[in-house]
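For what it's worth, my numbering labels the leading residue of the sequence shown as 54, then goes sequentially. Reviewing the structure listed below.
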Amino acid sequence: MQEAQIKEILIANTNAALRPFIERMDFEPATHCWCGGVLEHWSPEFELYLQCRSCGCKPVRFRPTVESLARFYSSSYWYEYQQVHKCPTVDERFEGDMLDRIPLYINWLRGMRPPPCKVLEIGCGNGRLLFELKQAGYDCTGVEMDKGLAALVTKKTGVPVHHGSFPPDNDPVYDLIVIIDVLEHAPDQINFVKNVKSRLSPAGKVMVHCPVLDTLEASVQFRHMFNPLSHLWIHTSASFNKLWLDAGFKAGKVGELFNMPVYAIGKI
Ligand SMILES: [Zn+2]
54 MQEAQIKEIL
64 IANTNAALRP
74 FIERMDFEPA
84 THCWCGGVLE
94 HWSPEFELYL
104 QCRSCGCKPV
114 RFRPTVESLA
124 RFYSSSYWYE
134 YQQVHKCPTV
144 DERFEGDMLD
154 RIPLYINWLR
164 GMRPPPCKVL
174 EIGCGNGRLL
184 FELKQAGYDC
194 TGVEMDKGLA
204 ALVTKKTGVP
214 VHHGSFPPDN
224 DPVYDLIVII
234 DVLEHAPDQI
244 NFVKNVKSRL
254 SPAGKVMVHC
264 PVLDTLEASV
274 QFRHMFNPLS
284 HLWIHTSASF
294 NKLWLDAGFK
304 AGKVGELFNM
314 PVYAIGKI
C-alpha cells in the first residue's frame with residue numbers, strides 16, 4: 054500500500070486534531086504480530102487495529118517507522134500530542150499523580166520487594182513515583198525518551214534520569230523494574246522484554262501497568278486506549294502472559310488501577 058493511501062485511511066479514522074502528526078510521520082503496514090502470528094481484520098469498530106490469530110493481541114494496522122517514533126518522542130510532537138489528548142502538563146501531573154496512582158504503585162512495589170534495593174523506572178515521565186520511592190528508601194534511577202524532560206526531572210527530584218529508552222549498556226542490574234504506560238508504545242515487544250530481562254538481578258521483579266483488553270465489548274468501553282500513533286499493541290491477558298512467558302517470566306496480577314491490570318512479574 055502506498056504511503057499516501059495509508060495516511061488517507063489514518064486521517065479518515067482519527068480525530069482531525071491528529072492530522073498534523075499523521076502528516077509529519079511515516080507509516081508502514083503491519084505484516085505480522087510480535088509473536089509471529091498472522092494478522093486478520095478485527096472489527097469495523099476499530100479500522101486502525103488488527104487481531105493476531107495466534108495470541109489475540111491487537112497490533113496497530115499502520116505502524117509508525119522507527120525514525121518517526123524517535124522524532125515523535127524526542128521532540129515537541131509528544132507534548133503537542135498529549136495536549137491533543139487533553140493530558141495534564143508535567144507539573145500538573147507531578148502534583149496530581151500523588152492523589153491517585155502513586156500511593157497504590159508504592160504499596161504494590163513494597164509488597165514485591167521492600168527497600169532498600171535498586172529500582173529502575175522505564176519511561177518515568179514527570180518522575181513523581183521515583184521521587185516518592187527515593188523518600189521511602191529505594192535507590193532510584195529513571196530513563197526517559199525526552200531529553201529535556203530527563204534533565205528537568207533529574208534536577209527536580211535528585212533522581213538520576215538517563216535520556217533514552219533504556220539506561221546505558223554498562224549500567225548495573227536492578228531489583229525492581231517499573232514499566233507504567235510504556236509497553237504498548239514499544240515497537241519491538243520481544244526485544245523490549247529481553248532488554249528488561251538483561252537489566253534485572255537474579256531474584257528481581259518487574260511491575261507492569263498497561264492497557265489489557267480481553268473482549269470487543271471492553272475494547273469499545275475503553276476505546277480511548279486505542280491511539281493509533283502511539284499505542285502500537287493492545288494486549289489481551291493471554292498475549293501479555295505469552296510475551297513474558299516466552300522470555301522466561303511468570304506474570305501475576307497484583308491489582309487493578311484505572312480499570313487495567315497491574316502485574317508483578319518474576320523469572321521462572
Ligand atoms: Zn500474536
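Cβ coordinates follow ideal geometry from the N, Cα and C atoms, glycine included.
With DSSP run on the structure shown, which of helix, strand or coil describes residue i?
i: Leu183; result: helix
i: Pro156; result: helix
i: Ile321; result: coil
i: Pro82; result: strand
i: Ala256; result: strand
i: Met151; result: helix
i: Leu101; result: strand
i: Val265; result: strand
i: Leu202; result: helix
i: Leu162; result: helix
i: Trp286; result: strand
i: Ser121; result: helix
i: Ser127; result: helix
Quick check: what's the CA-CA separation for residue i versus residue j?
i: His284; j: Met278; result: 7 Å
i: Pro255; j: Asp234; result: 25 Å
i: Gly178; j: Val143; result: 8 Å
i: Lys111; j: Ser292; result: 9 Å
i: Asp224; j: Glu174; result: 13 Å
i: Ala203; j: Asp228; result: 22 Å
i: Val231; j: Glu237; result: 14 Å
i: Cys193; j: Met54; result: 46 Å
i: Ile62; j: Asn68; result: 12 Å
i: Phe311; j: Glu56; result: 36 Å
i: Arg77; j: Gln135; result: 16 Å
i: Ile64; j: Pro167; result: 47 Å
i: Gly211; j: Gly201; result: 15 Å
i: Trp49; j: Gln242; result: Here the chain comprises residues numbered 54 to 321, so residue 49 is not present and cannot be evaluated.
So, are the CB atoms of residue i and residue j less than 7 Å apart?
i: Gly301; j: Ile287; result: no
i: Val172; j: Leu157; result: no
i: Leu182; j: Ile155; result: yes
i: Tyr333; j: Val261; result: There is simply no residue 333 to check, as the chain begins at 54 and stops at 321 in what is shown.
i: Thr207; j: Val196; result: no
i: Cys108; j: Gly89; result: no
i: Val113; j: Ala70; result: no
i: Pro240; j: Met313; result: no
i: Ser96; j: Leu269; result: yes
Go to residue i, then tell me how far its alpha helix (DSSP H) extends in each direction, as first and last residue.
i: Ala57; result: Glu56 to Ala65
i: Leu298; result: Ser290 to Asp299
i: Tyr355; result: Limits of the chain in this structure are 54 at one end and 321 at the other, which puts residue 355 out of reach.
i: Phe74; result: Arg72 to Arg77
i: Val246; result: Gln242 to Ser251
Drop a sphere of 10 angstroms on the beta-carbon of residue i, count the other beta-carbons inside from all chains shown, and report buried for 16 or more, exposed for fewer.
i: Phe74; result: buried
i: Thr289; result: buried
i: Gln58; result: exposed
i: Ser272; result: buried
i: Phe80; result: buried
i: Glu93; result: exposed
i: Arg106; result: exposed
i: Lys303; result: exposed
i: Arg72; result: exposed
i: Arg116; result: buried
i: Cys140; result: exposed
i: Leu162; result: buried
i: Gly257; result: buried
For the beta strand (DSSP E) that contains residue i, what are its first and last residues?
i: Gly211; result: Per DSSP, Gly211 belongs to no beta strand (DSSP E) and is neither H nor E.
i: Phe302; result: Phe302 to Leu310
i: Phe115; result: Phe115 to Pro117
i: Val172; result: Lys171 to Ile175
i: Val231; result: Tyr227 to Ile233
i: Glu237; result: Per DSSP, Glu237 belongs to no beta strand (DSSP E) and is neither H nor E.
i: His277; result: Note, His277: premise wrong, no beta strand (DSSP E); not H, not E.
i: Trp87; result: Trp87 -> no beta strand (DSSP E), and no H or E assigned at all.
So with Cβ pairs under 7 Å, would you call residue i a contact of chain C?
i: Gly308; result: Of the chains in the structure shown, none is chain C; there is only one protein chain.
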